[in-house]
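The structure appears below as C-alpha cells.
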Amino acid sequence: MPSLCRDCLATFDSGARCPHCRSPRIVAHPELFDLSVAHMDCDAFYASVEKRDNPELRDKPVIIGGGRRGVVSTACYIARIRGVRSAMPMFQALKLCPEAVVIRPRMQAYAEASRAIRAMMEELTPAVEPLSLDEAFLDLSGTTKLHGAPPAVMLARLVRRMQDELGLTGSIGLSHNKFLAKVASDLDKPRGFSVIGRAETMDFLRDKPVRMIWGVGAATQEALGRAGIRTFADLRRWDRRALQARFGSMGARLWQLARGEDERPVSPGAPARSISNEITLAEDISDPDILDGHIWRLSEKVSDRAKARDLAGRVVTLKLKHADHRLITRRRSLPDATRLADRIYRTARGLFEQAGARGPFRLIGVGIGDLVDASQADLSGDLLDPQAERRSAAEHATDRIRAKFGPDAIVKGRALR
Amino acid sequence: MKFSIERGALLRALAQAQSVVEKRNTIPILANVLIEADGSQASFRATDLDIEVVDRAPAQVERAGATTVSATTLHEIVRKLPDGALVSLTDDGASGRLLIEAGRSNFSLATLPKEDFPLMASAEYDTNFTVPAPVLRRLFDKSKFAISTEETRYYLNGVYMHVAAGSAGPVLRCVATDGHRLARIDAPLPEGADGMVGVIVPRKTVAELRKLLDDDEQGIAVSVSETKVRFATPDVTLTSKVIDGTFPDYGRVIPQGNSRRMEVDAAEFARAVDRVATVSSERSRAVKLSLEEDRLLLSVNAPDSGAAEEELGVAYSDDPLEIGFNARYLLEIAAQVDRENAVFLFNSAVDPTLMREGDDESAIYVVMPMRV
Chain E
1 MPSLCRDCLA
11 TFDSGARCPH
21 CRSPRIVAHP
31 ELFDLSVAHM
41 DCDAFYASVE
51 KRDNPELRDK
61 PVIIGGGRRG
71 VVSTACYIAR
81 IRGVRSAMPM
91 FQALKLCPEA
101 VVIRPRMQAY
111 AEASRAIRAM
121 MEELTPAVEP
131 LSLDEAFLDL
141 SGTTKLHGAP
151 PAVMLARLVR
161 RMQDELGLTG
171 SIGLSHNKFL
181 AKVASDLDKP
191 RGFSVIGRAE
201 TMDFLRDKPV
211 RMIWGVGAAT
221 QEALGRAGIR
231 TFADLRRWDR
241 RALQARFGSM
251 GARLWQLARG
261 EDERPVSPGA
271 PARSISNEIT
281 LAEDISDPDI
291 LDGHIWRLSE
301 KVSDRAKARD
311 LAGRVVTLKL
321 KHADHRLITR
331 RRSLPDATRL
341 ADRIYRTARG
351 LFEQAGARGP
361 FRLIGVGIGD
371 LVDASQADLS
381 GDLLDPQAER
391 RSAAEHATDR
401 IRAKFGPDAI
411 VKGRALR
Chain W
1001 MKFSIERGAL
1011 LRALAQAQSV
1021 VEKRNTIPIL
1031 ANVLIEADGS
1041 QASFRATDLD
1051 IEVVDRAPAQ
1061 VERAGATTVS
1071 ATTLHEIVRK
1081 LPDGALVSLT
1091 DDGASGRLLI
1101 EAGRSNFSLA
1111 TLPKEDFPLM
1121 ASAEYDTNFT
1131 VPAPVLRRLF
1141 DKSKFAISTE
1151 ETRYYLNGVY
1161 MHVAAGSAGP
1171 VLRCVATDGH
1181 RLARIDAPLP
1191 EGADGMVGVI
1201 VPRKTVAELR
1211 KLLDDDEQGI
1221 AVSVSETKVR
1231 FATPDVTLTS
1241 KVIDGTFPDY
1251 GRVIPQGNSR
1261 RMEVDAAEFA
1271 RAVDRVATVS
1281 SERSRAVKLS
1291 LEEDRLLLSV
1301 NAPDSGAAEE
1311 ELGVAYSDDP
1321 LEIGFNARYL
1331 LEIAAQVDRE
1341 NAVFLFNSAV
1351 DPTLMREGDD
1361 ESAIYVVMPM
1371 RV
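So the protein sequences, as listed, match chains E and W.
Position 133 of the first sequence, counting from 1, maps to 133 under the working numbering, and the rest follow consecutively.
Position 177 of the second sequence, counting from 1, maps to 1177 under the working numbering, and the rest follow consecutively.
Structural data, given as C-alpha cells:
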C-alpha cells in the first residue's frame, strides 16, 4: 500500500515504520498519491501561538477568551483533556480547569501567523481557500510534475515546515472533495494526517451522524431529526425530490453530500464576506446597560479582526436572540466603509434602539459585511458629528497602546459593564 | 356623474395624482384617484396619507358627482388616447364602473365608493404668504440634492424651510444636509412670512412640489403650520405633513474662517471632475485636488483600476494644498452654480470646505473632505 513518512517525507510501499528513519508517523492508503483536495486545520491555533510566544505557558492549560462572562474561544490540548471546549462559557471552563491561564485574544499576532502559513500554502498551489485564520482548503490537482512529488508529500512537508519555521502544528485531511477533506482533517487531531479515498467514501459515511456536515447546525439537525434522519444512511434512503421538497435548496445539497459528493471548487477568489462576533449569554439578559456593554465588546472584537485583516465593512449588522429563540436581525448600510469600533458600535446601538425589542435576550451578535479593503475605510468625516474625528484619533491611539502593552492595557469604561 | 374634458388637461391633472399614489400599498383605495365633477370643473385628488394633491381642470359637467378609480390605470388610458381627443367620463352609480369614452375607444374601470377615500384633515395654518414660482424653485432645486436618505436620521430626510437672519436682514431659507454635504439657500423674505415656524418638508413632497413649479412664473401660495405645509396654484393644491423632528443646528457646521480661496470656472471644473472620476471604482470615488499658485491638478488613483490626472487653470494664491473629495459630491455642488465662477474656500485637508457663487452668500454649500 502506498505509504508516506511524515517525518522524513520518504515514500515507500509498506511497513509499520519508515524504512529510512524508523519513525512510526506514517500514513498509508491505497489512494494516497491519487488524491489532491486537502483541508489544513491548525491545532488549537490561538493557544499554540500564545505558547510559542511565551514558553512558560508550554505545560500549562491555556484558554483564549474574554472575561468571566465571556466564552472560550480556543483551549489548548491540556485544557481540553480537562473537558474545556470552544464556545463554553468561561465560568464553566474555569470550574473544570481552575488553574488555567486565561488570555485575551491577540488578533494581530494570530493574523500575522496566519499570513505566514498562507504564504507557505500558496507556494504549493494558487488554489488556497482560507476559511478563517487557522484553516484553509487547498487543491493540489495537477501539481505533481511541478513539485516533483504528489500532493500528499507536499502536504506533509507543509505541516513539517509550519512546525519547524513557525512553531505551529496543523492537521491535514486529504480526499477528493472539500466536504470529505474537512471531515478528514478532524479525524486525527492534533498533528493528524487522514485520508478518505474514493473507494471507501460510501462505507465511511454510512453510520456517521449528519451533524458532521458543515452547515448543519442545531436547527437543521432538529429538522432532520423530526424527519427521522440521524445518519448518512438515513439520509440516503430519501430520494432527491423528497429532500428538496422538505428542506429546500439545502435538501439538494444534502442528497449529494449523503453520497460523499461535493462539487464546490476550491476557490481562492472567495474572500471573507463578513466579519461577525456573537455571544451566547450565560444567563438571559434584559438590562440595557449590560447589553450595551456587550454591544461595545462585540463591536471592538469585530473591529480588531477587521483591523488585523486589513478589511472594512460597508454594512453593520445586529443579531438578537430572544430567550424563546426568536431571532431578530437588523442591518444598516453606511455611506462609507468602516473598521472603527466606535462607528460599528454607534451603528449597532442605533439598530438596537430602532429594533425596539425588549429582552430578555440569550444571544447578541454584531458584524460587518460588504467588505472592502481597509484603504477605503473611514475616509470622510461627518459634518454633524465633529467629535467623530477625535474619537477616531483616540481609537487609533488606543490601538497602538494595546499593541505595545497588551489588549487590557487600556479599555473603555463601557467595556467593563 | 358625467362630464367631458379635453385629453391634455386630463392627462396633466392625472400625472400628478398618479405619482402621489403609493405604488405598493396594501390599502386598495389609496391606489385610487378621487374624481369630483361640479359646476364647470373636475377635480382629481390623490393621497398616500402623508401627501395630498388636488388638481382642478375645466370640464363640461352634465351631471355632478364623485367616484374613485385606479389612478395608474386611468392615467395610462388617457396617456394612450390621441392628442386633442375629447374624453367623457360617466359613472352611473349602479354598475360600480366608470365608463371612459373617447372617439371609438371605450373603457370601463372598477370603482370604489367615494366615501371610503381618506381626506386629509384640513389644518389651521398659522402663516400664509405668496412666493413667485422661480424663487421657490431655486430654494428647493439647489438644496434637495443634499437630502439624506438615512432612515435613522429621519429629521434629515427633507428640506428645512424656515425664516433666518441673513447678512442683509431676514430671509426665507432652505437647508438640507446628509452629514457629508450641506446646502443653504436664501431668498428675500416674502411679505407675511415672518414668524413662520420652521418645517422639514419631506423628500417626496419636495419632488411633488417641483412639478407644480415647472415653467411657471406665477405666484405660489404657501401655508405653514407646525404639522403641515401647503403649496397652491390656481389649479393645484399640494398638502403635506412635515417631518416631526428637530433639524440640527446647522449654523455651527458652516465654516466661518476658511481663508484659502480658489476661483474656478464651474462648468469646466465639473467636466474635469467627471472625466478623472471615470477610472476610479464606483464605491469610493475620491478625487484629489492639488492646489498650487493659479493651478489645480485633479487626480484619481485607483490601485486596481487605473489613474487619471487633469490640470485646470484657477485663481489661487495661498500655500499649496492637497485635499480629497467624493467625486459625486463635487459634481453635485458644481452643478448648482448658475453663473460662471465657483468660489471654493478651504481651511485644511480635514476641515469642511465651503463653496459659493462669487461672493453671493444667498447660496452656499459645505462639503466634507475625504482622506486620499
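Just so it is clear, CB atoms sit at the ideal spot from N, CA and C, and this is done for glycine as well.
Review point. Could you give the residue range of the beta strand (DSSP E) that holds W:Q1218?
Key: What you label residue 1218 of chain W is simply residue 218 of the second sequence in a count that begins at 1. Premise fails: W:Q1218 is in no beta strand (DSSP E) and is neither H nor E.
Point to revise | Touch test, the region 1012-1027 of chain W against the region 1198-1212 of chain W, Cβ-Cβ under 8 angstroms, three pairs minimum | key: yes
Exercise for review: Determine the extent of the alpha helix (DSSP H) in which E:E353 is found, giving its start and end residues.
Suggested key: As a first step, residue 353 of chain E must be located in the first sequence, where it is residue number 353. Run containing E:E353: A341 to A355, per the alpha helix (DSSP H) assignment.
Exercise for review: Using a Cβ cut-off of 7 angstroms, pull out every chain E residue sitting near W:N1326, in sequence order please.
Suggested key: As a first step, residue 1326 of chain W is located in the second sequence; it is residue number 326 there, counting from the start. S380, listed in chain order.
**Study point:** Nearest neighbour of E:L155, chosen from E:D287, E:L124 and E:K189 [CA to CA]
**Key:** Locating residue 155 of chain E in the first sequence gives position 155, counting from the first residue. When only C-alpha atoms are compared, the closest one is E:L124.
Review point. Pairing CB atoms from the region 328-339 of chain E with CB atoms from the region 240-259 of chain E, are three or more of them under 8 angstroms?
Key: no
Practice item. Just tell me which of E:P150, E:D239, E:S276 and E:A218 has its CA closest to the CA of E:G365. Key: Indexing the first sequence from 1 puts residue 365 of chain E at position 365. Looking at the Cα atoms, E:S276 is the closest of the given residues.
Check your understanding: Thinking C-beta only, is E:H29 closer than 7 angstroms to E:V302?
Key -> What you label residue 302 of chain E is simply residue 302 of the first sequence in a count that begins at 1. What you label residue 29 of chain E is simply residue 29 of the first sequence in a count that begins at 1. No; because the gap between Cβ atoms is not below 7 angstroms, this pair is not in contact.
Review point. How should W:G1084 be labelled, buried or exposed, when 16 other C-beta atoms within 10 angstroms of its C-beta is the threshold for buried?
Key: Translated into the one-based positions of the second sequence, residue 1084 of chain W becomes position 84. The residue is exposed, with fewer than 16 neighbouring Cβ atoms inside 10 Å.
Review point. Comparing alpha-carbon positions, which option in W:V1300, W:F1231, W:L1238 and W:S1143 lies nearest W:P1132?
Key: Start at 1 with the first residue of the second sequence, and residue 1132 of chain W comes out as number 132. Residue W:F1231 is the option with its Cα nearest to W:P1132.
Review point. Is it buried or exposed for E:G293, if we count other Cβ within 10 angstroms and need 16 for buried?
Key: For the purposes of this step, residue 293 of chain E is taken as residue 293 along the first sequence, with counting starting at 1. Answer is buried; the Cβ neighbour count reaches 16.
Point to revise | Those residues which DSSP pairs with E:I117 across a bridge | key: Locating residue 117 of chain E in the first sequence gives position 117, where the first residue counts as 1. Answer by DSSP bridge pairing: none, since E:I117 is not bridged.
Practice item. Please name the residues in the region 1171-1195 of chain W whose beta-carbon is closer than 7 angstroms to at least one beta-carbon of chain E, in chain order. Key: T1177, G1179, H1180 and L1182
Review point. Thinking C-beta only, is W:S1148 closer than 7 angstroms to W:L1156?
Key: Within the second sequence, numbered from 1, the residue matching residue 1156 of chain W stands at position 156. Within the second sequence, numbered from 1, the residue matching residue 1148 of chain W stands at position 148. Going by C-beta atoms, W:L1156 is nearer than 7 angstroms to W:S1148.
Check your understanding: Around the C-beta of W:Q1256, are 16 or more other C-beta atoms found within 10 angstroms, so that it is buried, or is it exposed?
Key -> In the second sequence, residue 1256 of chain W corresponds to position 256, counting from 1. Exposed, by the Cβ-count rule.
Check your understanding: If you draw a straight line from the alpha carbon of W:V1175 to that of W:R1203, how long is it in whole angstroms?
Key -> Looking up residue 1175 of chain W in the second sequence gives position 175. Looking up residue 1203 of chain W in the second sequence gives position 203. Those two C-alpha atoms are separated by around 12 angstroms.
Review point. Considering only residues of the same chain and omitting the five flanking positions on each side of E:S267, which have a CB-CB separation below 8 angstroms?
Key: By 1-based counting over the first sequence, the position of residue 267 of chain E is 267. The answer, listed in chain order, is A127 and E129.
Check your understanding: Can you tell me the Cα-Cα spacing of W:D1030 and W:E1022, whole angstroms?
Key -> Stepping through the second sequence from its first residue, residue 1030 of chain W is reached at position 30. Stepping through the second sequence from its first residue, residue 1022 of chain W is reached at position 22. Looking at the sequence provided, one finds Leu at residue 1030 of chain W rather than Asp. Distance between the alpha carbons of W:L1030 and W:E1022: 7 angstroms.
Check your understanding: So, are the CB atoms of W:K982 and W:A1123 less than 7 angstroms apart?
Key -> For residue 982 of chain W there is no data in the structure shown, the boundaries of chain W being 1001 and 1372.
Point to revise | Interface residues of chain E facing W:V1366 [CB-CB closer than 8 angstroms] | key: For the purposes of this step, residue 1366 of chain W is taken as the residue at position 366 of the second sequence. Those are L383, listed as they occur along chain E.
Point to revise | Enclosing alpha helix (DSSP H) for E:S303 [first to last residue] | key: Counted from its first residue, the first sequence places residue 303 of chain E at position 303. Run containing E:S303: P288 to A308, per the alpha helix (DSSP H) assignment.
Practice item. To the nearest angstrom, report how far apart E:E300 and E:K95 are at their CA atoms. Key: As a position in the first sequence, residue 300 of chain E is number 300, starting the count at 1. As a position in the first sequence, residue 95 of chain E is number 95, starting the count at 1. Between E:E300 and E:K95, the C-alpha separation is close to 27 angstroms.
Review point. Are the region 95-110 of chain E and the region 52-61 of chain E touching, with three or more C-beta to C-beta distances below 8 angstroms?
Key: yes
Exercise for review: Could you please give me the residues that DSSP links to W:A1187 through a beta bridge?
Suggested key: In the second sequence, the residue the question calls residue 1187 of chain W occupies position 187. BP columns for W:A1187 point to W:L1172.
Point to revise | When E:E56, E:H322, E:L291 and E:E50 are compared against E:I103, the one with the closest alpha-carbon | key: The sequence position of residue 103 of chain E within the first sequence is 103, counting from 1. Ranking the options by Cα distance to E:I103, first place goes to E:E50.
Practice item. Establish whether the CB of W:V1287 and some CB of chain E are separated by less than 7 angstroms. Key: Here residue 1287 of chain W corresponds to residue number 287 of the second sequence, with the count starting at 1. Answer no: the Cβ-Cβ gap between W:V1287 and chain E never drops below 7 angstroms.
Check your understanding: Residues bridged to W:R1007 by DSSP?
Key -> Position 7 of the second sequence, counted from the first residue, corresponds to residue 1007 of chain W. Looking at the DSSP assignment, W:R1007 forms no beta bridge with any residue, so it has no partner.
Exercise for review: Determine the chain E residues that contact W:V1253 at a beta-carbon separation under 9 angstroms, and present them in chain order.
Suggested key: Translated into the one-based positions of the second sequence, residue 1253 of chain W becomes position 253. The contacting residues are L383, L384 and P386.
Practice item. Note down, in chain order, all residues in the region 348-364 of chain E with a beta-carbon under 9 angstroms from any beta-carbon belonging to chain W. Key: G350, L351, E353 and Q354
**Study point:** E:M40 - DSSP class collapsed to helix/strand/coil
**Key:** As a working note, residue 40 of chain E is residue 40 in the first sequence. Looking at E:M40 - three-state DSSP - the assignment turns out to be strand.
Review point. Between which two residues does the beta strand (DSSP E) harbouring E:R362 extend?
Key: Reading the first sequence from its first residue, position 362 is the one you call residue 362 of chain E. F361 to D373 is the span of the beta strand (DSSP E), which, as asked, contains E:R362.
Check your understanding: In whole angstroms, what separates the C-alpha of E:P105 from that of W:V1337?
Key -> Start at 1 with the first residue of the first sequence, and residue 105 of chain E comes out as number 105. Start at 1 with the first residue of the second sequence, and residue 1337 of chain W comes out as number 337. Approximately 54 angstroms, taken between the alpha carbons.
Point to revise | Proximity of W:I1243 and W:I1200 at Cβ, strictly below 7 angstroms | key: Locating residue 1243 of chain W in the second sequence gives position 243, counting from the first residue. Locating residue 1200 of chain W in the second sequence gives position 200, counting from the first residue. Yes. Within cutoff.
Check your understanding: Taking three-plus beta-carbon pairs below 8 angstroms as touching, is the region 319-329 of chain E in contact with the region 239-250 of chain E?
Key -> no
**Study point:** Under 7 angstroms from the C-beta of W:M1370: neighbouring residues of chain E
**Key:** Here the question's residue 1370 of chain W lines up with position 370 in the second sequence. Per Cβ cutoff of 7 angstroms: L379 and S380.
Exercise for review: For the beta strand (DSSP E) containing W:Y1160, list its first residue and its last residue.
Suggested key: In the second sequence, residue 1160 of chain W corresponds to position 160, counting from 1. G1158 to G1166 is the extent of the beta strand (DSSP E) around W:Y1160.
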